[in-house]
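A short worksheet on the structure shown next.
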Amino acid sequence: MNQHTRLDERPISLIDVAAQRRRLGRAIDDAVARVLMHCQFILGPEVRALESELAAFCGARHAITCSSGTDALRLVLMAWGIGPGDAVICPTFTFCATAEVVALCGATPVMADVDADSFNLDPASLKRAIATAKKLGLKPRAIIPVDLFGQPADHDAIAAIADAHNLFILDDAAQAFGATYKNRKLGAVFAGRKPGASATATSFFPAKPLGCYGDGGAIFVDDDDLAARIKSLRVHGEGVDKYDAAGIGLAARLDSIQAAVLLEKLKIFPEEIAARNTVAERYASGLAGLAMVPRLAKDSTSVWAQYTIRLAPGRRDALAATLKAQGIPTAIYYAKPLHRQAAYSGFPIAEGGLPVSERLAGEVISLPMHAYLDHPTQDRIIVAVRQALKG
Ligand SMILES: Cc1ncc(COP(=O)(O)O)c(C=O)c1O
37 MNQHTRLDER
47 PISLIDVAAQ
57 RRRLGRAIDD
67 AVARVLMHCQ
77 FILGPEVRAL
87 ESELAAFCGA
97 RHAITCSSGT
107 DALRLVLMAW
117 GIGPGDAVIC
127 PTFTFCATAE
137 VVALCGATPV
147 MADVDADSFN
157 LDPASLKRAI
167 ATAKKLGLKP
177 RAIIPVDLFG
187 QPADHDAIAA
197 IADAHNLFIL
207 DDAAQAFGAT
217 YKNRKLGAVF
227 AGRKPGASAT
237 ATSFFPAKPL
247 GCYGDGGAIF
257 VDDDDLAARI
267 KSLRVHGEGV
277 DKYDAAGIGL
287 AARLDSIQAA
297 VLLEKLKIFP
307 EEIAARNTVA
317 ERYASGLAGL
327 AMVPRLAKDS
337 TSVWAQYTIR
347 LAPGRRDALA
357 ATLKAQGIPT
367 AIYYAKPLHR
377 QAAYSGFPIA
387 EGGLPVSERL
397 AGEVISLPMH
407 AYLDHPTQDR
417 IIVAVRQALK
427 G
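Residues in the sequence shown are numbered from 37 upward in steps of one, following this note's numbering.
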């Protein structure tokens with residue numbers, strides 16, 4: 037077997053967390069060792085340092101770290117007092133956590149459809165979902181747009197609808213921290229809205245563009261009162277100190293070790309975002325004409341949590357099988373929109389149905405995407421996809 041053949045047969049990762057680990061190795065080990073020395077494992081100095089770095093990175097007044105992206109979403113809904121009788125509008129084409137947190141608060145998620153080009157919440161369907169909620173006797177209180185696969189939702193259009201109906205906006209940027217919308221980073225896109233009426237949540241799950249080595253998340257807000265309520269809720273609703281329970285909250289803090297890891301990763305994050313964009317551009321030119329490649333909305337940048345193409349109906353399984361046989365992994369995000377899943381099928385859906393999400397569920401397929409995907413490996417993927425789709 038010659039060198040060329042061996043390279044061609046190397047297994048490829050969908051998301052290569054180990055490549056970044058190799059690059060950062062010593063720096064992360066040292067950062068973790070410092071926490072092991074000072075032993076302030078919960079909300080230690082690294083957490084405070086990370087919060088100020090994250091706020092500076094995206095331009096938010098407050099960054100509040102917490103135990104996961106799911107808890108980030110949940111803490112904000114709790115801080116707003118969302119509960120039984122309330123409706124929260126969510127896209128159906130998303131990960132379940134988006135709607136799960138609504139149900140956990142006792143409120144009703146109402147599913148809206150997405151736009152076929154961006155995969156993000158469709159403002160027209162959002163309006164219909166608000167009307168549906170009202171007809172059902174629910175009180176619409178909030179919208180959770182999702183910045184799916186790393187690309188920002190249509191935030192100005194969504195905010196205009198939210199303002200007209202006096203709704204909170206909780207941006208689920210679990211997949212998109214670092215992306216920009218009209219030259220503002222996610223976390224700082226709601227600057228002009230009513231104080232306390234908007235928040236952004238993200239996830240540091242290891243596979244996310246900015247991931248830690250366990251679970252973690254963060255919330256970005258500009259309003260001081262809302263920030264104080266969220267900070268209290270993440271520590272059991274603490275009042276003057278942790279033995280004074282002013283409210284009912286969660287144990288939802290970020291560990292200092294995870295903050296130490298994230299501080300090191302944040303240093304190279306802008307470089308990694310640039311590398312992800314290069315990978316996305318190379319896919320777009322390599323696959324144009326054969327598959328529907330993702331299109332970025334005008335004035336938006338993506339962090340490409342996933343690189344998701346669309347195929348004509350019925351072609352996906354064969355492509356996935358052909359690529360798998362060549363050591364190239366793929367994934368389907370999402371084969372079932374939320375309203376087709378057992379836990380969520382009983383919740384209301386927007387008038388007019390959710391036809392775009394239904395269609396996308398049968399057409400999308402995600403290809404390997406990460407900042408360390410080198411050109412020869414990516415070319416191997418592009419050639420394999422082209423051959424499979426032409427054949
Ligand atoms: C859109 C979306 N929302 C929320 C979450 C939840 O984040 P976590 O896994 O950190 O709880 C995820 C994670 O995959 C997600 O993709």
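Using N, Cα and C, we set each Cβ at its ideal position, and we do this for glycine too.
Can you give me the C-alpha to C-alpha distance between residue i and residue j, rounded to a whole angstrom?
i	j	result
Ala263	Asp107	15 Å
Phe241	Ala210	9 Å
Val419	Ser49	17 Å
Gly389	Thr168	11 Å
Asp151	Ile368	18 Å
Arg312	Leu409	8 Å
Leu403	Leu323	12 Å
Leu302	Leu246	7 Å
Leu86	Arg177	31 Å
Lys170	Pro384	11 Å
Gly228	Thr314	33 Å
Tyr249	Phe77	15 Å
Leu203	Leu184	21 Å
Asp52	Gly275	42 Å
Asp207	Gly427	41 Å
Arg416	Thr366	14 Å
Ala143	Glu89	34 Å
Gly214	Ile194	20 Å
Gly363	Ala397	24 Å
Ile100	Ala357	43 Å
Leu162	Glu387	10 Å
Arg270	Ala378	30 Å
Would a check of beta-carbon distances place residue i closer than 9 Å to chain D?
i	result
Thr128	As a matter of chain content, chain D is missing from the structure shown, which is built from one protein chain.
Strictly by DSSP, which residues pair up with residue i?
i	result
Arg346	Met328, Val400
Ala237	Asp208, Ile255
Asp122	Lys175
Thr337	Thr216
Ile385	Met147
Val182	Asp208
Pro127	Ala148
State yes or no: is the C-beta of residue i nearer than 8 Å to some heavy atom of ligand 1?
i	result
Gly186	no
Phe213	no
Asp335	no
Phe131	yes
Ser104	yes
Gly252	yes
Thr134	yes
Phe17	As displayed, the chain neither begins before 37 nor continues past 427, which places residue 17 out of reach and without an answer.
Val400	no
Pro85	This sequence places Ala at residue 85; Pro is not what is there. It does not: the Cβ of Ala85 is nowhere closer than 8 Å to a heavy atom of ligand 1.
Leu50	no
Ala210	yes
Leu206	no
Asp107	yes
Val182	yes
Lys372	no
Lys244	yes
Going by DSSP in three states, residue i sits in which element: helix, strand or coil?
i	result
Arg220	strand
Asp277	coil
Met37	Interpretation of Met37 is limited by its pLDDT of 38, a score under 50 that renders its predicted location unreliable; no figure is taken from the coordinates.
Lys175	strand
Leu157	strand
Ala316	helix
Asp410	coil
Thr101	strand
Asp291	strand
Ala91	helix
Ile78	strand
Ala282	coil
Val271	strand
Pro231	coil
Pro373	coil
Ala378	coil
Ala367	strand
Ala96	coil
Ile418	helix
Val53	helix
Pro47	coil
Val188	Strictly speaking, residue 188 in this sequence is Pro, with Val absent from that position. In the structure shown, Pro188 sits in coil (DSSP, three-state: anything other than H, G, I, E or B).
Leu359	helix
Pro306	helix
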